[in-house]
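See below for the structure under consideration.
Residue numbers (this note's numbering): 13 to 575.
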């Protein structure tokens with residue numbers, strides 16, 4: 013019995029509750045102890061399309077988003093065991109790999125004998141690690157887009173037929189990893205509308221539904237895991253869905269559920285060239301023709317706007333109130349190394365054009381990255397403050413498997429490879445810059461994250477608004493977080509450059525930080541001083557880091573079990 017399927021044969025399932033699904037799709041929790049997620053609680057789009065495709069084949073499918081429901085490892089495992097489905101499929105982000113491993117081991121140890129599979133960007137890009145780590149606990153791993161693969165897999169398992177020859181499948185056989193050829197591109201227009209199992213739950217948190225107008229992005233950014241994921245199957249990396257079908261789905265949700273606020277889940281709502289622009293124009297025309305009262309948010313590149321500013325008016329008339337633009341850095345040399353294909357001047361122009369038209373912007377920004385210096389930090393801070401943009405400053409660029417930047421760092425001799433179950437790949441940095449990042453994470457871990465953990469419900473209440481245009485209270489909160497981090501960052505840069513600071517200097521800055529933290533806590537109805545670490549502890553840690561500079565990487569570890 014060499015194959016995994018034979019170790020856990022489907023016919024060995026001897027008990028199945030009356031309400032048990034044929035297939036249970038699970039998004040495992042990032043945090044392992046029941047903490048609410050600290051990001052937008054949006055619908056699990058990947059699982060929603062998988063469920064819809066399976067249900068069209070008359071499969072009985074349940075979805076469990078254990079992350080958004082803030083379930084513990086024990087609760088998630090128990091739910092799976094109680095339902096005891098013939099197939100359980102996990103959609104796994106890299107940060108959730110530790111939880112995924114614990115859950116799979118728990119259900120197998122307690123006798124679950126069904127077929128376990130997993131998929132998503134991380135399993136596709138990091139499958140060798142996953143098969144090595146839990147290949148004796150799972151049966152199969154789905155590579156690439158999963159709708160068609162899971163349909164065929166579920167049929168084979170239901171009929172007790174061999175599934176090992178299916179395209180897009182990887183598995184472990186006699187301790188050897190077997191990887192089948194990838195599937196062809198999924199026809200997005202052939203997919204059914206997404207199943208909306210979590211719509212009401214998410215509306216209660218953020219007041220918007222998610223929608224898919226396309227998949228992929230035509231950009232070449234070196235750090236992007238989506239680029240690596242879309243490149244695996246060949247063919248175009250961006251594919252648009254029929255604008256009429258997108259609007260049909262939105263109109264159905266509007267007419268049956270009263271939803272008018274939608275956030276596009278697309279990495280980029282625009283495709284390449286004239287065809288990509290026409291895709292957006294076609295969407296905007298159809299929304300206007302149907303006279304739908306929509307409030308929309310989407311993602312795009314700056315040059316999607318600057319190359320054709322006439323697109324702004326249709327966007328606004330269709331209901332776009334906010335766009336997220338991946339700026340990443342204000343340093344053109346860094347942007348070149350990222351292969352952004354854009355300049356900071358062009359992206360500034362796009363932001364200004366949109367703001368002049370009444371469309372707000374938020375940005376993706378990677379202030380800590382492999383090319384960060386004290387000079388780029390100063391330049392980035394000046395750009396952000398001048399532009400009134402408020403991204404998080406205590407996050408660093410993460411290197412994912414299969415991305416071009418992984419290979420670049422390896423070529424430069426800077427890559428420190430890590431098993432994705434343990435953390436992200438590190439890259440060597442100057443100790444001065446690494447110490448600044450560590451000090452920023454000290455403030456975050458000891459203070460800002462603790463405030464958010466307690467006040468997360470209030471964060472959502474503040475963020476929840478009738479439209480993306482009506483988020484001024486949340487914008488104010490974001491500014492308060494940014495102002496706090498920016499104040500510390502300026503001090504850290506000064507101390508690094510002058511190399512003449514004392515413990516008292518750090519204490520003075522820390523005392524100001526805590527007054528700022530008090531204001532954030534007040535906005536979230538959190539008693540700050542009872543939640544955060546003491547000022548002395550934080551000041552001591554920051555002073556020690558800046559004095560000793562112990563690391564040469566942007567050190568970051570999984571700590572989900574500690575929240």
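For glycine and all other residues, C-beta sits at the position ideal for the given N, C-alpha and C.
All values reported here derive from a predicted model rather than from experimental measurement.
Anticipated Cβ contact below 8 Å, residue i with residue j, distance rounded
| i | j | result |
| --- | --- | --- |
| residue 85 | residue 118 | 7 Å |
| residue 42 | residue 107 | 5 Å |
| residue 445 | residue 426 | Between residue 426 and residue 445 the Cβ distance is about 13 Å, and since that is not below 8 Å, they are no contact. |
| residue 44 | residue 138 | Not a contact, Cβ separation roughly 20 Å. |
| residue 414 | residue 240 | 4 Å |
| residue 128 | residue 116 | 6 Å |
| residue 235 | residue 409 | 6 Å |
| residue 505 | residue 448 | 7 Å |
| residue 40 | residue 78 | 6 Å |
| residue 153 | residue 140 | Between residue 140 and residue 153 the Cβ distance is about 10 Å, and since that is not below 8 Å, they are no contact. |
| residue 433 | residue 109 | 5 Å |
Burial state of residue i, where buried means 16 or more other Cβ atoms lie within 10 Å
| i | result |
| --- | --- |
| residue 188 | exposed |
| residue 13 | Low local confidence applies: a pLDDT of 26 at residue 13 is under 50, so the model's placement there is unreliable, with the coordinate-based value given in what follows. Looking at its Cβ environment, which holds fewer than 16 other Cβ atoms inside 10 Å, residue 13 is exposed. |
| residue 343 | buried |
| residue 423 | exposed |
| residue 17 | The predicted position of residue 17 is uncertain, since its pLDDT is 33 and thus under 50; a value taken from the coordinates is nonetheless stated next. By the 10 Å Cβ count, residue 17 comes out buried. |
| residue 398 | exposed |
| residue 278 | buried |
| residue 557 | buried |
| residue 533 | buried |
| residue 23 | For residue 23, the pLDDT reaches just 32, beneath the cut-off of 50, and the residue's location in the model is therefore unreliable, leaving the point undetermined. |
| residue 94 | exposed |
| residue 253 | buried |
| residue 261 | buried |
| residue 70 | exposed |
| residue 172 | exposed |
| residue 301 | exposed |
| residue 419 | exposed |
| residue 96 | buried |
| residue 453 | buried |
| residue 402 | buried |
| residue 248 | exposed |
| residue 381 | buried |
| residue 475 | buried |
Within 9 Å, strictly: CB atoms of residue i and residue j
| i | j | result |
| --- | --- | --- |
| residue 80 | residue 38 | no |
| residue 245 | residue 196 | yes |
| residue 35 | residue 101 | yes |
| residue 549 | residue 458 | yes |
| residue 480 | residue 269 | no |
| residue 538 | residue 467 | yes |
| residue 273 | residue 219 | yes |
| residue 375 | residue 347 | no |
| residue 1 | residue 365 | Because the chain is modelled from 13 through 575, residue 1 falls outside the range shown and cannot be assessed. |
| residue 451 | residue 389 | no |
| residue 463 | residue 543 | yes |
| residue 92 | residue 131 | no |
| residue 309 | residue 332 | yes |
| residue 230 | residue 283 | yes |
| residue 265 | residue 258 | no |
| residue 159 | residue 198 | yes |
| residue 555 | residue 541 | no |
| residue 238 | residue 133 | yes |
| residue 169 | residue 99 | yes |
| residue 225 | residue 317 | no |
| residue 314 | residue 372 | no |
| residue 471 | residue 489 | yes |
| residue 113 | residue 145 | yes |
DSSP beta-bridge partners of residue i
| i | result |
| --- | --- |
| residue 454 | None; residue 454 has no bridge partner. |
| residue 274 | 221 and 308 |
| residue 181 | 154 |
| residue 227 | 251 |
| residue 438 | 428 |
| residue 84 | 45 |
| residue 77 | 39 |
| residue 189 | 184 |
Counting only runs that start and end within the region 326-413, where is the alpha helix (DSSP H) found for 4 or more residues in a row?
344-349, 356-368 and 386-399
Unbroken stretches of the beta strand (DSSP E), 3 residues or longer, contained in the region 94-152
99-103 and 127-131
Quick one: complete beta strand (DSSP E) runs, 3+ long, within the region 32-67?
35-39
Tell me the start and end of each unbroken beta strand (DSSP E) in the region 500-544 that is at least 3 residues and wholly inside, in chain order.
none
Return the chain-ordered ranges of every beta strand (DSSP E) run that is complete within the region 464-504 and spans a minimum of 3 residues.
none
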